[in-house]
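Peer 1: Going by our numbering, the sequence shown opens with residue 1, and the numbers climb by one from there.
All residues carry an ideal CB built from backbone N, CA and C; glycine is no exception.
Just passing along the structure, written as structure tokens.
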Amino acid sequence: MVQEKVVMMVAMKKTSYNPREDFRESMEQIIVSNRIEETKDLRRLLNYYITMNSDEFRCIILEVFHQVCTDLFVRF
Numbered sequence: 001m002v003q004e005k006v007v008m009m010v011a012m013k014k015t016s017y018n019p020r021e022d023f024r025e026s027m028e029q030i031i032v033s034n035r036i037e038e039t040k041d042l043r044r045l046l047n048y049y050i051t052m053n054s055d056e057f058r059c060i061i062l063e064v065f066h067q068v069c070t071d072l073f074v075r076f
């Protein structure tokens with residue numbers, strides 16, 4: 001039996017003076033609190049961030065997502 005992880009996320013409009021840090025904190029919190037580890041679930045989370053935010057933040061989102069995943073999952 002295959003179990004699928006259901007993660008509930010709520011989008012909210014927010015003004016930020018440091019969007020990079022805000023995205024980082026949000027992504028880390030969602031990944032850790034929901035124990036997201038599977039590639040497909042991480043990809044779904046990334047798609048959510050890209051879809052729910054303005055195109056002007058796309059590059060920041062991609063960079064931050066890469067950094068968060070590297071910090072959380074890459075073991076040296």
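For Cys69, which option in Arg24, Thr15, Ser33 has the closest C-alpha, if you only look at C-alpha atoms?
Peer 2: Taking the first residue of the sequence shown as position 1, residue 69 is located at position 69. It is Arg24.
Peer 1: What residue does the alpha helix (DSSP H) around Asn47 start on, and which one ends it?
Peer 2: Position 47 of the sequence shown, counting from 1, holds the residue named residue 47. Note, Asn47: alpha helix (DSSP H), 39-52.
Peer 1: Assuming contact is defined by CB atoms lying nearer than 7 Å, are Tyr49 and Ile31 in contact in what I supplied?
Peer 2: On the sequence shown, position 49 is the one that residue 49 refers to. On the sequence shown, position 31 is the one that residue 31 refers to. No.
Peer 1: Would you check if the distance between the CB atom of Phe73 and the CB atom of Leu46 is smaller than 7 Å?
Peer 2: Position 73 of the sequence shown holds residue 73. Position 46 of the sequence shown holds residue 46. For the 7 Å CB-CB criterion, Phe73 and Leu46 do not form a contact.
Peer 1: In angstroms, rounded to a whole number, what distance separates the CA positions of Lys40 and Arg58?
Peer 2: Looking up residue 40 in the sequence shown gives position 40. Looking up residue 58 in the sequence shown gives position 58. The alpha-carbon atoms of Lys40 and Arg58 are separated by roughly 19 Å.
Peer 1: Among residues of its own chain, excluding the 5 on either side of Arg20, which ones have a beta-carbon nearer than 7 Å to its beta-carbon?
Peer 2: Locating residue 20 in the sequence shown gives position 20, where the first residue counts as 1. Contacts found: Ile60, Val64.
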